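Chemist: Pasting a structure here, questions to come.
This is the structure:
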């Protein structure tokens, strides 16, 4: 048991390529409840897979903030969502599963950005209450830039959800929207649930 678990834990770390995946999280995005109320929403730390509802307006501990059910979003200079243009307030794009997140997409300059035009009925918009994917460029603590995707259900100030996200562990390498296993296949889970998942897998062997 111990030998198998050790192998499972170490194998992704020595792989030449890996996708870092949160696993299924389903983090709630609460609605705003009134003028100036409920506007904190939820903040995400992309690198360690955690979330918080405590305000972090300067993004000291987190990188992106969804609020009003996902109708609105703020992002730090370390989390650049794929947008309809390079402006820091251009609409975030809804991407199709199987598409590619890479440098060919438009990302804003590395400043705090906003978006409140991504929920709607357009082809590239998120329909309220329906699942969709967004792409992003994320800067890790060591300064390297990585491409990733996030599966979300955004609403027009209803109850939204952030289901999961993943990013390529190799800086500058593209990632397929929705993919959690690259070629050659290797997967490294992040977040509190990862160890439990690895233990369950080892017990099934």
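In this note's numbering, the protein residues as written are 11 to 215.
We treat Cβ as the ideally placed atom computed from N, Cα and C, and that holds for glycine.
Keep in mind it's a predicted model, so treat the numbers as computed, not measured.
Strictly by DSSP, which residues pair up with residue 163?
Modeler: Residue numbering aside, residue 163 sits at position 153 when the chain shown is read from its first letter. Answer is 141 and 171.
Chemist: Which residues in the same chain as residue 65 place their Cβ atom closer than 8 Å to its Cβ, once the five residues preceding and following it in sequence are excluded?
Modeler: Start at 1 with the first residue of the chain shown, and residue 65 comes out as number 55. Excluding positions up to five away in sequence, the list reads 50 and 53.
Chemist: Below 6 Å CB to CB, which residues in the same chain sit around residue 149 once its five sequence neighbours on both sides are set aside?
Modeler: Position 139 of the chain shown, counting from 1, holds the residue named residue 149. Cβ neighbours of residue 149 beyond the five flanking positions: 88 and 155.
Chemist: Excluding the 5 residues flanking residue 225 on each side, which residues of the same chain have their C-beta closer than 6 Å to its C-beta?
Modeler: Lying before the first or after the last residue shown, residue 225 is absent from the chain, which here runs from 11 to 215.
Chemist: Which parts of the stretch 113-137 are runs of the alpha helix (DSSP H), unbroken and 4 residues or longer, counting only runs that do not cross its ends?
Modeler: As far as the stretch 113-137 is concerned, it has no whole alpha helix (DSSP H) run of at least 4 residues.
Chemist: Looking only at DSSP bridge pairs, what is residue 38 linked to?
Modeler: Against the chain shown, residue 38 aligns to sequence position 28. The partner list for residue 38 (beta bridge, DSSP) reads 171.
Chemist: DSSP three-state call for residue 87: helix, strand or coil?
Modeler: As a position in the chain shown, residue 87 is number 77, starting the count at 1. In the structure shown, residue 87 sits in coil (DSSP, three-state: anything other than H, G, I, E or B).
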